[in-house]
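Worksheet: the structure to be examined is printed underneath.
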Amino acid sequence: EAGFREIDEYPETEVPPPLRPYWLFMEKKI
Numbered sequence: 024e025a026g027f028r029e030i031d032e033y034p035e036t037e038v039p040p041p042l043r044p045y046w047l048f049m050e051k052k053i
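Residue numbers (our numbering): 24 to 53.
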């Protein structure tokens with residue numbers, strides 16, 4: 024985990040639809 028947290032998908036994301044169930048969007052506040 025290292026301080027990262029899961030977030031919603033970015034609006035400009037270009038992840039192919041078949042991969043979306045396996046894709047994680049993360050952010051870390053610094």
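We put the beta carbon where it would ideally sit given N, CA and C, even for glycine.
Nearest by alpha-carbon distance to residue i: which of the options is it?
i: L42; options: E32, E50 and F27; result: E32
Return the bridge partner residues of residue i from the DSSP annotation.
i: E29; result: M49
Quick one: Cα of residue i to Cα of residue j, how far?
i: I53; j: E29; result: 15 Å
i: E50; j: F27; result: 5 Å
i: P39; j: W46; result: 10 Å
i: F48; j: P34; result: 11 Å
i: T36; j: P44; result: 14 Å
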